[in-house]
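Worksheet for the structure shown next.
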Amino acid sequence: MRFLLRRAMHTLLILVGASLVSFSLVNLAPGDFFDQMKVNPRISQGTLASLRSQYGLDRPLPVRYLQWVRSVINGQWGFSFAYNSPAGPILWSRSGKTLLLTGVATLLAWSLALPLGGWAGARPGSSIDWLTRGTVAVLLATPELVLALLLLLFAVRTGYFPAGGLTSSEYVPSGLWDQTKDITRHVFLPSICLAAGLLPLLLTHIRTAVSEAFESPYIEAARGHGIPFRRLLLRHVLPLAANPLISLFGLSLGMMISSSLLIEAVFSWPGLGQLMLEAIQQRDFYLVVDTAVLSTAFLIVGNLIADVLLYASDPRIRTE
Amino acid sequence: MTLGKVPWLAMSVLAICHLSVLLAGFFAPGSFEVQNRNLAFAPPTRIHFVDAQGRFHLRPFVYRWVLRPGSFAEYEENQQIGYPLHFFVPGAEYKVLGIFNSRQHLFGTGEETRIFLLGTDAYGRDLFSRLLYGGMISLFTGLLAATASALLGLVLGGLAGYYGHWVDEVTMRIAEIFLAMPWLYLLLAVRALLPLHVDPQATFFLLIGVLGVIGWARPARLVRGIVLTAKEREYVLAARSFGAPDLYLLRTHILPFASGAALNQMALYIPQYILAEVTLSFFGLGVSEPIPSWGNMLNDLQHYLIWGSYWWLFSPAIVLVAVLLAYYRLFSFFKVNSFTF
């Protein structure tokens with residue numbers, strides 16, 4: 018319990034730090050949202066100044082930071098000038114979609130990598146091992162951007178899959194089943210792309226972890242006792258290899274959040290990453306800060322989950 | 426200790442790529458910004474030895490693409506006039522390494538560019554020339570920014586490790602924050618603090634600066650750890666007891682120790698930063714038109730994907746993959762662990 022509490026405090030501190038960094042970085046930026054209005058001759062300097070003071074943009078940085086923190090606690094997360102509404106609701110709907118995409122992709126990547134990498138580690142030199150290493154080499158050198166463009170091309174040319182978006186434009190809601198089917202079709206290509214970006218890392222680590230576990234003396238002994246291969250792998254090797262894999266899981270969540278920004282932009286997936294891109298283009302100050310902080314929060318929570326899992330699985334950590 | 430087979434192929438791919446983009450003006454037959462509005466999406470020019478009459482020519486030549494009447498972006502060869510291909514021909518003027526002017530091109534058809542080795546883009550600009558000029562930005566941003574990151578990490582990590590106490594505390598806490606943020610989001614947040622539209626020359630240095638800054642934390646952490654152990658070594662203590670000043674100690678005895686780790690991290694950053702530049706320019710937050718970069722060329726690809734199969738628009742992607750493959754092959758040869766990031 019003390020362990021968890023300490024971790025949570027640490028998380029909070031890092032989040033505060035990240036928000037301070039991004040708040041002051043974005044604040045250094047020349048110009049704000051209302052600068053674009055200067056071009057319009059019908060809006061006078063006075064109007065602009067009063068708009069700025071209405072939204073509190075003319076106050077000093079520390080004051081604005083504290084105001085922002087208060088609005089985060091209220092669930093408002095500052096104010097989006099471009100959407101002309103509190104940022105909170107926008108953020109929630111957007112991050113839900115990012116989590117959907119990354120969740121599906123994580124599931125996909127791990128369910129592919131675990132059997133493939135595990136088998137390759139258990140039987141080095143086998144054809145599965147060669148397949149694994151080939152996949153790693155190819156995927157490592159193919160940037161996700163290129164892969165995404167190729168998949169987009171595939172979608173456009175064949176028409177089997179929609180080329181981006183979350184739902185079809187001609188979509189009429191007709192029951193939960195149809196809705197699920199539609200979203201599944203849309204989530205398919207982007208999640209494949211995300212999963213493919215993660216696979217080299219996962220495959221390499223799983224393969225190493227399993228093959229190292231196989232070399233440990235007690236596995237040797239178990240094998241000497243005549244325990245069948247399948248049981249050996251599932252009951253004895255995997256638990257031993259679990260620790261590094263759990264840490265890897267936390268790491269993979271973080272990488273996923275980061276690269277989903279790119280995939281979202283290519284597949285016009287209305288997630289957090291796309292929101293940030295829009296916000297930067299429009300100088301929508303609070304949204305930029307919010308998306309940066311929220312993405313950090315997701316990453317840290319991912320690591321926290323991994324820590325908790327480690328805590329549950331490894332008695333050595335509990336006694337520390 | 427043997428290092429295994431030397432990856433000559435990977436090394437030569439990298440050498441050729443870097444050399445040819447550095448001397449882009451010489452290797453490119455044309456300019457990167459001259460538009461041929463009547464030649465949008467022209468396919469790669471065919472190089473002939475045998476002309477329409479069936480006669481063989483020792484010197485290769487090209488025909489000009491002309492628009493097929495009544496069509497959009499469908500071309501046929503005008504077989505009336507052939508343009509012989511020469512090596513070392515004078516052509517459009519360019520700057521070598523940004524310093525002196527030259528008109529020499531490796532190959533071409535004279536003053537006007539009529540050879541499009543990789544076809545043209547939506548504005549009828551020569552894609553091969555753009556690929557070379559774009560590579561100058563994409564490849565060297567990666568290289569220079571990685572160097573900047575490693576240097577910054579070496580200095581900050583060295584100071585933190587050497588002076589300890591509050592210097593160490595502050596530096597490492599900030600490093601922790603930088604490491605905690607998803608790096609693409611961090612990249613964009615840092616990019617957001619700079620003006621949206623910068624003139625192309627400044628963009629190059631701006632990108633190097635942005636990338637260099639966001640990557641300092643990882644090498645700094647590594648270096649700090651090494652410095653912590655290095656400063657307790659006996660010869661360092663001895664030098665200190667002889668009254669060596671801090672700066673001298675750091676420079677001659679301690680930092681050389683850590684430079685290996687910093688170099689390792691720098692190598693890992695190069696492909697990552699090349700991709701980062703490509704990504705930023707793809708989003709329109711990096712190098713902007715008409716200056717090419719592999720990123721904004723790929724952005725073209727996204728826009729014109731639906732128009733049909735202009736496969737030559739994929740050439741930046743193919744070169745990018747080749748360069749990355751070569752880098753990773755080199756890493757596995759030099760035992761740089763490519764998964765520490």
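Taken in order, these protein sequences are the chains called A and B. Using the numbering used here, read the first sequence as starting at 18 and increasing by one per residue. Using the numbering used here, read the second sequence as starting at 426 and increasing by one per residue. Cβ coordinates follow ideal geometry from the N, Cα and C atoms, glycine included.
Query: Listed by chain order, chain B residues near Ala15 of chain A by CB distance under 7 Å; Result: Any answer about residue 15 of chain A is impossible in this case: the structure gives chain A only from 18 up to 337.
Query: Leu531 of chain B and Phe513 of chain B closer than 8 Å at C-beta; Result: yes
Query: Min CB distance Gly95 of chain A to chain B below 8 Å; Result: no
Query: Neighbourhood of Gly586 of chain B by C-beta, 6 Å cutoff - its chain only, sequence neighbours within 5 removed; Result: Arg649, Val652, Leu653
Query: DSSP bridge partner residues for Ser713 of chain B (one or two, in chain order); Result: Its beta-bridge partners do not exist; DSSP assigns none.
Query: 8 Å Cβ cutoff, Ile297 of chain A in contact with chain B; Result: yes
Query: Which residues DSSP lists as bridging Ser769 of chain B, in chain order; Result: Nothing can be reported for residue 769 of chain B: it is not among the residues displayed for chain B, which extend from 426 to 766.
Query: Interface positions of the stretch 274 to 293 of chain A facing chain B (Cβ-Cβ less than 8 Å), listed along the chain; Result: Ile274, Ser275, Ser276, Leu278, Leu279, Ala282, Val283, Gly290, Met293
Query: Beta carbon of Pro717 of chain B nearer than 8 Å to that of Phe457 of chain B; Result: yes
Query: Proximity to Ile274 of chain A [Cα-Cα], best of A:His253, A:Leu206, A:Ile317; Result: A:Ile317
Query: Own chain residues within Cβ distance below 6 Å of Ile540 of chain B, not counting five before or after; Result: Pro454, Thr470, Val487, Thr534
Query: Within-8 Å CB hit, Thr152 of chain A to chain D; Result: In the structure shown, chain D cannot be found, because the protein chains are A and B.
Query: Contact set for Ala309 of chain A: own chain, Cβ-Cβ below 6 Å, skip 5 residues either direction; Result: Ser39
Query: Proximity test, Cβ basis, 8 Å: Val9 of chain A and chain B; Result: Here chain A covers residues 18 to 337 and nothing more, so residue 9 of chain A does not appear.
Query: Beta-carbon contacts of Ile322 of chain A that lie in its chain and below 7 Å, excluding the five residues immediately before and after; Result: Gly267
Query: Asp476 of chain B versus B:Ala467, B:Gln504, B:Phe466, B:Phe451, residue with shortest Cα-Cα distance; Result: B:Gln504
Query: Per DSSP, cross-strand counterpart(s) of Thr826 of chain B; Result: Since the first residue shown for chain B is 426 and the last is 766, residue 826 of chain B is missing from the structure and cannot be characterised.
Query: Strand pairing of Ile472 of chain B, partner residues [DSSP]; Result: B:Val487
Query: Touching by the beta-carbon criterion (3+ pairs, under 8 Å), the stretch 690 to 704 of chain B and the stretch 665 to 680 of chain B; Result: no
Query: Any chain B beta carbon closer than 8 Å to Leu78 of chain A; Result: no
Query: Reduced DSSP secondary structure (H/G/I, E/B, other) of Pro234 of chain A; Result: helix
Query: Nearest residue (CA-CA) to Leu723 of chain B, options B:Val703, B:Ala747, B:Ile562, B:Gly711; Result: B:Val703
Query: In DSSP terms, what Val767 of chain B is bridged to; Result: Lying outside 426 to 766, the shown extent of chain B, residue 767 of chain B is not represented and no answer is given.
Query: CB contact below 8 Å: Leu42 of chain A versus chain B; Result: yes
Query: CA-to-CA distance, Ala172 of chain A to Tyr735 of chain B, given in whole angstroms; Result: 16 Å
Query: Residue span of the beta strand (DSSP E) that contains Ile506 of chain B, given as start and end; Result: 500 to 509
Query: Exposed unless 16 or more other CB atoms sit within 10 angstroms - verdict on Glu161 of chain A; Result: buried
Query: Residues near Ala213 of chain A in its chain [Cβ-Cβ closer than 7 Å; skip 5 each side]; Result: Leu156, Leu164
Query: Test: Leu609 of chain B CB closer than 8 Å to a CB of chain A; Result: yes
Query: Test: Thr704 of chain B CB closer than 8 Å to a CB of chain A; Result: yes
Query: is_contact[Thr427 of chain B, chain A] using C-beta, thresh 8 Å; Result: Confidence at Thr427 of chain B is low in this model, with a pLDDT of 48, below 50, so its placement is unreliable and the value that follows should be read with caution. Thr427 of chain B does not count as touching chain A.
Query: Classification of Val153 of chain A by the beta-carbon crowding that lies within 10 angstroms, buried from 16 upward; Result: buried
Query: Within 8 Å, strictly: CB atoms of Gly567 of chain B and Pro741 of chain B; Result: no
Query: Nearest-angstrom Cα separation, counted from Leu193 of chain A out to Gly640 of chain B; Result: 45 Å
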